[in-house]
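The next block holds one structure in the form of structure tokens; read it before the comments.
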Amino acid sequence: LDELEVFLDANGIEHRRHAADDKGASGVARAVKQSNDYGPDLHYVVHTNAYDGSIRGSRPQIYEGSKKGRAFAEAILNYRRRIYPYPCAIFERTDLTELKGTRAPCVYEELVFHDNREDCAWLHANLRKLAEYTCRALCEVFGIPFRNPYQGDVNGDGRVDASDALMALQDS
């Protein structure tokens, strides 16, 4: 989410983030209430999952029958498949609090399985690209032209600033 927020800000997508340390059932209930009070166009939950180390995959979940949730999830998976080498599929559920409790369509994305070495290694090697492609999907759904906040980062420090202009001049 740290990486995703940079892209959301650069593309003018307003967002709010629930406190990561607010865990458990009461934390989930507070997140749903905050979302419903805020009134977003999408409630996006992102985390990694675990099973037994044998499974890989990106699994966005939506509330069963949610057409808007499916549209968001399909856009995300369309971009995810361009960079993620393992299985991707949408799952419909009715049992998760965020899926059934938010007024906004919800995409509850399980990015990877963190107990699978290959999945975990891929995630850590591709955090920025993952955030970029998630934002590209959201821009597509919202009809916003995508802007890359890192375009022009000549020196590779993660910022586009005067030092990049100096580096570009020196390389000319």
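If you read the sequence shown in this note's numbering, its first letter stands for residue 2, the second for the next number, and so on.
Idealized CB from N, CA, C, for every residue including glycine.
Item, Value
"At the level of alpha carbons, what is the spacing between W123 and P41?", "30 angstroms"
"If you follow the beta strand (DSSP E) that Y109 is part of, which residue opens it and which one closes it?", "107-114"
"Count the other CB atoms within 10 Å of the CB of T135; is the residue buried (16 or more) or exposed (fewer)?", "buried"
"List the endpoints of the continuous beta strand (DSSP E) containing F92.", "92-94"
"Taking the alpha-carbon of Y109 as reference, which of A90, A126, N127 has the nearest alpha-carbon?", "A90"
"What are the start and end residues of the alpha helix (DSSP H) that includes Q35?", "25-39"
"For P61, which residues does DSSP report across the bridge?", "E110"
"So N79 is in the alpha helix (DSSP H); what residue range does that whole segment cover?", "68-84"
"Do the CB positions of E4 and A132 come within less than 7 angstroms of each other?", "yes"
"Starting from V46, follow its DSSP beta bridges and name the residues at the other end.", "Y109"
"Pick out whichever of T98, R129, R94, K130 has its Cα sitting closest to the Cα of S27.", "T98"
"Among the candidates A51, F8, R17, whose CA atom is the shortest distance from the CA of D38?", "R17"
"Would you grab the beta carbon distance between D120 and R57 for me? Rounded to a whole angstrom, and I think it's under 8 angstroms.", "4 angstroms"
"Could you say which of V33, G13, E15 lies nearest to P106 if we only look at CA atoms?", "V33"
"Looking only at its own chain, which residues have a Cβ that is under 8 angstroms from the Cβ of Q35, when we skip the five neighbours before and after it?", "R17, H19"
"Within the present structure, is the beta-carbon of P88 separated from the nearest heavy atom of the ligand ATP by less than 6 angstroms?", "Among the ligands in the structure shown, none appear at all, so the ligand ATP cannot be discussed."
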